[in-house]
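As structure tokens, the structure follows; a few thoughts come after it.
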Amino acid sequence: MRVAERTLKIERKPRPGPKMDELFQLVENKNQNQTIFGLLEKLKATESNNAMRTQIVRMFQLQSWPDKEKPSTESLESILYLNRLVELWQQNMALYRIDRPAVCVVSKDGAERCGVFCTLNQALDELGEEGTVDIFSAVRRVRNNRPELIKDTAEYRLCYKLVQHETRYQPSFDGNHNTSPLSPQTAPALSQDEDFEHPV
Numbered sequence: 014m015r016v017a018e019r020t021l022k023i024e025r026k027p028r029p030g031p032k033m034d035e036l037f038q039l040v041e042n043k044n045q046n047q048t049i050f051g052l053l054e055k056l057k058a059t060e061s062n063n064a065m066r067t068q069i070v071r072m073f074q075l076q077s078w079p080d081k082e083k084p085s086t087e088s089l090e091s092i093l094y095l096n097r098l099v100e101l102w103q104q105n106m107a108l109y110r111i112d113r114p115a116v117c118v119v120s121k122d123g124a125e126r127c128g129v130f131c132t133l134n135q136a137l138d139e140l141g142e143e144g145t146v147d148i149f150s151a152v153r154r155v156r157n158n159r160p161e162l163i164k165d166t167a168e169y170r171l172c173y174k175l176v177q178h179e180t181r182y183q184p185s186f187d188g189n190h191n192t193s194p195l196s197p198q199t200a201p202a203l204s205q206d207e208d209f210e211h212p213v
């Protein structure tokens with residue numbers, strides 16, 4: 014197997030334009046009595062051997078991550094806000110005819126937090142499209158490509174709590190408040206090589 018090696022030069026850009034500033038300000042205002050949970054950076058990546066190939070990169074950094082065993086409401090909301098920011102950024106890019114720009118999710122160990130964020134994103138997409146969500150299936154889809162993601166029951170439960178929190182405290186898709194479009198799904202038992210059980 015031949016691996017292509019590329020060197021990128023990364024430069025920080027000035028503060029983002031007004032649309033993204035306003036978007037992030039909404040989050041800061043919402044959390045005004047709490048510490049600001051995230052940072053928004055605009056980076057420019059250029060291939061060192063081809064200055065014509067330049068990509069502007071938005072970096073959303075989450076500074077507080079919930080304890081997966083006992084997550085606080087604020088920490089759940091910080092992940093949900095981050096997900097909304099990324100979704101709104103993608104919608105904003107669509108205005109410039111950039112179809113669903115790629116999102117790269119990074120965490121310290123490259124697995125735990127990435128898995129939770131990717132599962133949350135998939136589950137909320139499914140919820141928006143179909144009106145129901147099956148967390149078990151969302152986890153399985155994420156693990157098909159990266160089996161090390163969502164490696165234990167605590168991470169699974171965190172994904173469930175995040176979606177549950179989103180549906181309880183946000184307007185439902187039909188405009189009613191405090192109604193949950195979550196429908197319990199009976200999921201098949203995991204195979205023997207899976208690391209966690211499907212919580213009931």
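For the sequence shown, position 8 matches number 21 in our numbering, and the numbering has no gaps at all.
The beta-carbon is built from N, C-alpha and C at its ideal position, and this holds for glycine as well.
Is residue i near the ligand GDP, in the sense that its beta carbon is under 7 Å from a heavy atom of that ligand?
i     : result
SER88 : In the structure shown, the ligand GDP is absent, as is every other ligand, since no ligand is present at all.
Grab the span of the beta strand (DSSP E) containing residue i for me, first residue to last.
i     : result
GLN76 : Run containing GLN76: none; DSSP gives neither H nor E here.
Take residue i as the anchor and find which of the options has the nearest alpha-carbon.
i      : options                        : result
SER77  : LEU93, VAL70, ARG170, ALA64    : LEU93
MET72  : VAL119, LYS174, VAL152, VAL155 : VAL119
GLU125 : SER85, THR59, ARG159           : ARG159
GLU179 : LYS57, ASN134, ARG153, ASP165  : ASN134
GLN68  : GLU60, GLN74, ARG181           : GLU60
LEU75  : LYS121, ALA58, LEU101          : LYS121
TYR173 : ARG153, ALA136, ASN157         : ALA136
CYS223 : SER85, ALA107, VAL70, GLN177   : Limits of the chain in this structure are 14 at one end and 213 at the other, which puts residue 223 out of reach.
GLY141 : GLU100, TYR169, ASN105         : GLU100
GLU168 : THR145, TRP102, PRO79, ARG154  : PRO79
ARG181 : GLY123, THR86, ARG154, LEU56   : THR86
Hey, could you find the ends of the alpha helix (DSSP H) residue i is sitting in?
i      : result
VAL222 : Any property of residue 222 remains undetermined from this structure, which presents the chain solely from 14 to 213.
TYR7   : A question about residue 7 goes unanswered here, because the residues of the chain that appear run from 14 up to 213.
THR166 : 166-182
ASN62  : No alpha helix (DSSP H) holds ASN62; DSSP gives it neither H nor E.
ALA124 : Counting along the chain, ALA124 falls outside any alpha helix (DSSP H), and DSSP gives it neither H nor E.
How should residue i be labelled, buried or exposed, when 16 other C-beta atoms within 10 angstroms of its C-beta is the threshold for buried?
i      : result
ALA115 : exposed
ILE163 : buried
SER91  : buried
GLY128 : buried
LEU95  : buried
GLU161 : exposed
ARG156 : buried
TYR109 : exposed
ASP147 : buried
Could you round the C-beta distance between residue i and residue j to whole angstroms and report it? I think they count as a contact, below 8 Å.
i      : j      : result
LYS83  : LEU171 : Contact doesn't hold; Cβ gap of about 10 Å is too wide.
THR1   : VAL152 : Because residue 1 is not part of the residues shown, which for the chain are 14 to 213, the question remains open.
LEU175 : LEU89  : 6 Å
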